[in-house]
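Engineer:
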Amino acid sequence: MKNDFRMQYPLWMMGFIVVLGIFLFGVNSPETTEIVNTEVEQSILVEYGLVQGFIIVGSIILYLIMLLIFYIKMRRHNTMNPTQKIPSFAIRPPEYLEQDEGMTHITRIASQKVYTFMTWSLPALAVFAMFSPLPRIYIVLSILAVALLQYVIYYREIRKHLKEEDE
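The working numbering puts the first residue of the sequence shown at 1, with every later residue one more than the last.
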């Protein structure tokens, strides 16, 4: 069960969220921004320094490499487990482990904890977004933090129950 790709799925999502946060940091710190708005031309010129450019390009390359590895692992999982295929695009999260009653129960408990977290974190985030004088990057980073934490909660709960099963 430890090598089941569906068990690793939350870790992959956490990785994608972290890389997206790094990308956000890079694009949010330009050295200069110039807005041209004349009758003839409307444009925005954004210049990034060497470090910001490296962060932006590096995070895009890292994201694409991770996406390729993720896709290969997902295809391998689908080939090796034809009865438990993971669709590339699905509404239902593929990390739900429901092959038997025990796994369904574990998934339900983990999902309840995530739901409880979302119940208080989303309203708090909305209030923060409405009344915060901070720049938008902090709001977006807060959204990414909530997304990351939901996967952390789910993964820790699943791991806890699977470790109990192994012992």
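No residue lacks a Cβ here, since even glycine has one placed at the ideal position from N, Cα and C.
1. Rounded to the nearest angstrom, what separates Phe89 and Tyr71 at their Cα positions?
2. Using DSSP bridges, identify the partner residues of Ile35.
3. Following the continuous alpha helix (DSSP H) through Ala129, name the residue where it begins and the one where it ends.
4. Going by Cα to Cα distance, which pick from Lys163, Ala110, Tyr154, Phe16 is closest to Ile60?
5. On a Cα-Cα basis, can you pick out the residue from Glu101, Leu134, Ala147 that is closest to Tyr115?
6. Excluding the 5 residues flanking Met118 on each side, which residues of the same chain have their C-beta closer than 8 Å to its C-beta?
7. Taking just the CA atoms, how far does Val27 sit from Ile153?
8. Roughly how many angstroms lie between the CA atoms of Lys104 and Glu95, to the nearest whole one?
9. Closer than 8 Å is the cut-off here; do at least three beta carbon pairs connect the segment 130-144 with the segment 18-37?
10. Using CA coordinates, which residue listed in Thr83, Val51, Pro93, Leu122 is at the minimum distance from Ser111?
11. Since Thr32 and Ile44 are thought to touch, with beta carbons under 8 Å apart, how far apart are those beta carbons, to the nearest angstrom?
12. From what residue to what residue does the alpha helix (DSSP H) around Ser59 run?
13. Can you tell me whether Phe54 is buried or exposed? The criterion is at least 16 other CB atoms within 10 Å of its CB, across all chains shown.
Structural biologist: Let's see:
1. Within the sequence shown, residue 89 is the residue found at index 89, counting from 1. Within the sequence shown, residue 71 is the residue found at index 71, counting from 1. CA-CA distance, Phe89 to Tyr71, rounds to 12 Å.
2. By 1-based counting over the sequence shown, the position of residue 35 is 35. Answer is Ile44.
3. Stepping through the sequence shown from its first residue, residue 129 is reached at position 129. Bounds of the alpha helix (DSSP H) holding Ala129 are 101-131.
4. In the sequence shown, counting from the first residue as 1, residue 60 sits at position 60. The residue with the shortest Cα to Cα distance from Ile60 is Phe16.
5. Walking along the sequence shown from the start, residue 115 turns up at place 115. Among Glu101, Leu134, Ala147, the Cα nearest to that of Tyr115 is on Ala147.
6. Within the sequence shown, residue 118 is the residue found at index 118, counting from 1. If you ignore the 5 residues before and after Met118, its C-beta comes within less than 8 Å of the C-beta of Val146, Gln150, all in its own chain and listed in chain order.
7. Taking the sequence shown and counting its residues from 1, the one referred to as residue 153 is at position 153. Taking the sequence shown and counting its residues from 1, the one referred to as residue 27 is at position 27. Per the coordinates, the alpha-carbon of Ile153 lies some 29 Å from the alpha-carbon of Val27.
8. Taking the sequence shown and counting its residues from 1, the one referred to as residue 104 is at position 104. Taking the sequence shown and counting its residues from 1, the one referred to as residue 95 is at position 95. Residue identity differs from the one stated: residue 104 is Thr in this sequence, not Lys. Distance between the alpha carbons of Thr104 and Glu95 is about 11 Å.
9. Taking 8 Å as the limit for Cβ pairs, the verdict is that the segment 18-37 does touch the segment 130-144.
10. Within the sequence shown, the letter at position 111 stands for residue 111. Of all alpha-carbon atoms in Thr83, Val51, Pro93, Leu122, the one lying nearest the alpha-carbon of Ser111 is that of Pro93.
11. In the sequence shown, residue 32 corresponds to position 32, counting from 1. In the sequence shown, residue 44 corresponds to position 44, counting from 1. Going by Cβ atoms, the distance from Thr32 to Ile44 rounds to 11 Å, so no, they are not a contact pair.
12. Taking the first residue of the sequence shown as position 1, residue 59 is located at position 59. 50-80 is the span of the alpha helix (DSSP H), which, as asked, contains Ser59.
13. For the purposes of this step, residue 54 is taken as residue 54 along the sequence shown, with counting starting at 1. Its Cβ having fewer than 16 others within 10 Å, Phe54 is exposed.
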